[in-house]
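Participant:
Protein chains: 2
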Amino acid sequence: MVTISDVAHAAGVSKATVSYVLSGDPRITQATTLKVQHAIDELGYTVNHAARALSVRKTKTIGVVSPAFHGNYLSALFGLYVYLLSEEATKRGYDTLLIGENDGFEAMHEAWSSKKVDGFILMDVKDEDPRVSYAAKEHIPTVAFGSPKNSYGLDTVDSDFAKAASSILHFLASEGHKEVILIPWSHTIFDQGLGYAWRFLDSAIETAKRLDLKMHVEYPKDDDSDPSPLIEHALDTHTKATALILHNEPATIVAPQVLARRNLRTPDDLQVVTVFPKQLATSMKISFSAVRPDIAQLSEAAVGALLRRINNPKAQTVTRYLDYPLTQEPE
Amino acid sequence: MVTISDVAHAAGVSKATVSYVLSGDPRITQATTLKVQHAIDELGYTVNHAARALSVRKTKTIGVVSPAFHGNYLSALFGLYVYLLSEEATKRGYDTLLIGENDGFEAMHEAWSSKKVDGFILMDVKDEDPRVSYAAKEHIPTVAFGSPKNSYGLDTVDSDFAKAASSILHFLASEGHKEVILIPWSHTIFDQGLGYAWRFLDSAIETAKRLDLKMHVEYPKDDDSDPSPLIEHALDTHTKATALILHNEPATIVAPQVLARRNLRTPDDLQVVTVFPKQLATSMKISFSAVRPDIAQLSEAAVGALLRRINNPKAQTVTRYLDYPLTQEPE
DNA sequence: CTGAAAGCGCTTACAG
DNA sequence: CTGAAAGCGCTTACAG
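Residue numbers (full-length UniProt numbering), protein chains in the order written: chain A, 1 to 331; chain B, 1 to 331.
(1) Beta-carbon separation of B/L279 and A/L74 under 8 Å?
(2) Answer yes or no: do A/V157 and A/A302 have a C-beta to C-beta separation smaller than 8 Å?
(3) Could you list which residues in chain B have their beta carbon closer than 8 Å to that of A/G110, in chain order?
(4) For B/A255, I'd like the list of residues in its chain whose CB is within less than 7 Å of its CB, leaving aside the five on either flank, ordered along the chain.
(5) Whose C-beta lies closer than 8 Å to the C-beta of B/H170 among residues of the same chain, with five residues either side of it excluded?
(6) Compare the C-alpha of A/M123 against each of A/L77, A/K15, A/A251 and name the closest.
(7) Pick out whichever of A/I62, A/A241, A/A89, A/F190 has its Cα sitting closest to the Cα of A/R220.
(8) Using a Cβ-Cβ cut-off of 6 Å (strictly less than) and excluding sequence neighbours within five positions of A/P293, which residues of its own chain qualify?
(9) The beta strand (DSSP E) with A/T142 in it runs from where to where?
(10) Cβ atoms of A/I99 and A/A111: under 8 Å apart, would you say?
(11) Given a threshold of 16 other Cβ atoms within 10 Å of its Cβ, counted over all protein chains shown, does A/V233 qualify as buried or as exposed?
(12) Quick test of your reading: A/G195 and A/S147, contact by CB under 8 Å. State the CB separation rounded to the nearest angstrom.
(13) Reducing DSSP to helix, strand and coil, say where A/P67 ends up.
(14) Quick check: what's the CA-CA separation for A/L244 versus A/D224?
(15) Determine whether the beta carbon atoms of A/A290 and A/L326 lie at a separation below 8 Å.
(16) By the criterion of Cβ-Cβ separation under 7 Å, what are the contact partners of B/R261 in chain A?
(17) Using the three-state DSSP reduction, which class does B/S151 fall into: helix, strand or coil?
(18) Can you list, in chain order, the residues of its chain with a C-beta nearer than 7 Å to that of A/L201? Leave out the 5 residues immediately preceding and following it.
(19) In three-state DSSP terms, what is B/K126?
(20) Alpha carbon to alpha carbon, how far is B/T142 from B/S133? Give it in angstroms, no decimals.
(21) Between A/N263 and the rest of its own chain, which residues show a CB-CB distance below 7 Å, the 5 nearest in sequence each way excluded?
(22) The region 274 to 287 of chain A: which residues have C-beta closer than 9 Å to a C-beta of chain B, in chain order?
(23) Return the residue from the list B/L182, B/V258, B/T46 that minimises the CA-CA distance to A/H109.
(24) Would you check if the distance between the CB atom of A/G63 and the CB atom of A/F145 is smaller than 8 Å?
(25) Between which residues of its own chain and B/K214 is the CB-CB distance below 6 Å, once the five residues before and five after are set aside?
(26) I'd like to know if A/A234 contacts chain B, where contact means its C-beta is closer than 8 Å to some C-beta of that chain.
(27) Do the CB positions of B/H49 and A/S114 come within less than 8 Å of each other?
(28) Is the Cβ of A/T96 closer than 8 Å to any Cβ of chain B?
(29) Starting from B/M284 and walking both ways along the alpha helix (DSSP H), at which residues does that stretch end?
(30) Which same chain residues end up closer than 6 Å to A/K240 when comparing Cβ atoms and leaving out the 5 residues on each side of it in sequence?
(31) For the region 245 to 258 of chain B, list every residue whose C-beta sits within 7 Å of some C-beta in chain A, in sequence order.
(32) Using a C-beta cutoff of 8 Å, does B/S114 count as contacting chain A?
(33) Alpha carbon to alpha carbon, what distance is there between B/V258 and A/Q257?
(34) Which parts of the region 209 to 275 of chain A are runs of the beta strand (DSSP E), unbroken and 3 residues or longer, counting only runs that do not cross its ends?
(35) Can you list the residues of chain B that residue 358 of chain A reaches, using a CB-CB cut of under 7 Å?
(36) May I ask you to report which of helix, strand or coil DSSP gives A/S14?
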């Protein structure tokens, strides 16, 4: 293996000088820089990550902490988040360590105390999430990706689900709808205190009231069983409803089949509006009118917030709810 | 931060002894082990990962190398693979570093030469994949997750897609079908030389011939556009076909809507068979008869093969194609 | 059965 | 402008 000593020797300088060249120290002459660069290229040298990490006490690695499946249900969005988070981290010179966490913070603690990472991004944050309180108590650079009621002073990034609900209802009202159905996330999700579910629902209810829209809320019990019967039932029961709001991934996935089966066309027979990320709508062939969060942008915000925190642990806490417009389909 | 010296001091022994206790060296008395354990618990000590890695030249980390999106298309399976691979690695005492790779091996090379990982798992391996030849040439412990034509001596793990195709056709023949439609992966995928596409198709064609089944193959052009029209067209054209084989993720996702729209019921009006992993069929509400690869098991095999290789670089090359039965739906 | 010491490959004050 | 040396926190022959 080629080390810094080899490079130093080949270039006829000291290890210190090589190191300074590597870090672009302005005190080094261009002449020596060139010599050293040449030796580096010649030998194919790369800094040993562990050695550097040990020396500078930074790993340039962020931990992405994902909770386990919700029951058997794995959101199709999970992969997208992980992928884009990691891509964004790479852009900023960081690596991404995947940390699976099962309703606790043991794995996080292990990674932190052994100094494997410089900070964390917590996915799918819940109310009273043990990961949040742990990170806050230990003053670990951490951003909560999601919106718990209490973030204990952690930086927070999420889509603005309250705004999304309000946009959707305003849109429906402006189109003249008077009675609508909302299929929100399941009880399982609400019971876990997942902010995106609550924030959307609360805002939807309030906005509907304010706009004098009649809204029927039909909750699925869980996320494992087929939501089709629930949709069918809702349509059968609320026959005057002219629009269907889906804030529920499984329901959004099956909705097209249900509509096809009933021979309903969108938006003429029934207006359907959902919340589904831009990047996945294509892959999953979801073509309803929707508020489309941009996961790449959310990832950028999350990673940005984390690096800012890592570089300045006592910076002011930041909370960012990113807002996405409703796009109509077909356009 | 608490270091091994702190523990040694607190326990009244040397650093070496603490280290030996940590590694369970049998030469250490139970008495001292107890003393040291106590100090460790007291102080909340955890081994510094970089220091250990630097010393032993092993990181206990595996790199999972994922290619970029295929165009705009992100397989919903991606998240599942990453998740289960990481879970399996954790079980075996390894961390998972995510490495995004864009049609080359630069990121891999960077991770390897800076000693960030002990080996790699390559996702979505293609024919003439530069990652494969790189790993082979540099003798880097690596397993190819997927089946390229030439694996250059790398260990390989994949579902047995040839077997899957043959199971499906035998099943259809046994049910009395004489004429069937196959929608395989898109040209984009075939052109990239993705083994799962080729192996399935070749085997399907050969088996159909042997069983005297008439099979119409209808290729989608790419994976971004809606495959529904293609399915519609296939059904319109091949009116005598009584079964539809889907080996294409987007087509599998939209098929239920297409069938619903045409008022076709499965399996009475049209038998539909697909290949879709167990763990995702539920989430994605795919309930066709199918060969269901078990991604947890595949991940276990991949991680197992990699650790074996890491621990024994000159072990015999292993190629494992895991075989999954066809399960009928409804049962 | 345990400890002193060297070494892993870097970085960074500090001298000069 | 550059180098010698200490230090980051471990592990592991080697002595005893």
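Every residue, glycine too, gets a C-beta built ideally from N, C-alpha and C.
Facilitator: Inspection of the coordinates gives the following:
(1) Residue 279 of chain B is actually Gln in this sequence, not Leu. Their beta carbons are under 8 Å apart, which means B/Q279 touches A/L74 by this criterion.
(2) A Cβ-Cβ contact shorter than 8 Å links A/V157 with A/A302.
(3) As written in the sequence, residue 110 of chain A is Glu, which differs from the Gly given in the question. By Cβ distance, chain B contributes T46.
(4) For B/A255, where only same-chain residues beyond five positions count, the Cβ hits under 7 Å are I231, L246, V272.
(5) So the list reads T207, L211, once near-sequence residues are dropped.
(6) A/L77
(7) It should be pointed out that residue 220 of chain A corresponds to Pro in this sequence rather than to Arg. Comparing Cα positions, the closest option is A/F190.
(8) The residues are S159, P277, Y324.
(9) 142 to 145
(10) yes
(11) Note that residue 233 of chain A corresponds to His in the displayed sequence, not to Val. Burial call: exposed.
(12) Right, the Cβ-Cβ distance comes to about 4 Å (below 8 Å), so this counts as a contact.
(13) strand
(14) 21 Å
(15) The Cβ-Cβ distance between A/A290 and A/L326 falls below 8 Å.
(16) Contact annotation for B/R261 against chain A: A260 [CB-CB distance below 7 Å, chain order].
(17) coil
(18) P184
(19) B/K126 falls in the strand class under three-state DSSP.
(20) Rounded to whole angstroms, B/S133 and B/T142 show a C-alpha spacing of 11 Å.
(21) none
(22) Q279, L280, T282, S283, M284, K285, S287
(23) The shortest C-alpha separation from A/H109 is found at B/T46.
(24) no
(25) If we look at B/K214 and ignore the five residues flanking it on each side, its Cβ neighbours are E179.
(26) No, A/A234 lies away from the interface with chain B (no Cβ there is under 8 Å from its Cβ).
(27) yes
(28) yes
(29) Counting along the chain, the alpha helix (DSSP H) containing B/M284 begins and ends at 278 to 284.
(30) E179
(31) P250, I253, V254, P256, Q257
(32) yes
(33) 8 Å
(34) Look at the region 209 to 275 of chain A and you find these whole runs of beta strand (DSSP E), each 3 residues long or longer: 214 to 217, 243 to 246, 271 to 275.
(35) With chain A running from 1 to 331 in the structure shown, residue 358 of chain A is simply not present.
(36) coil
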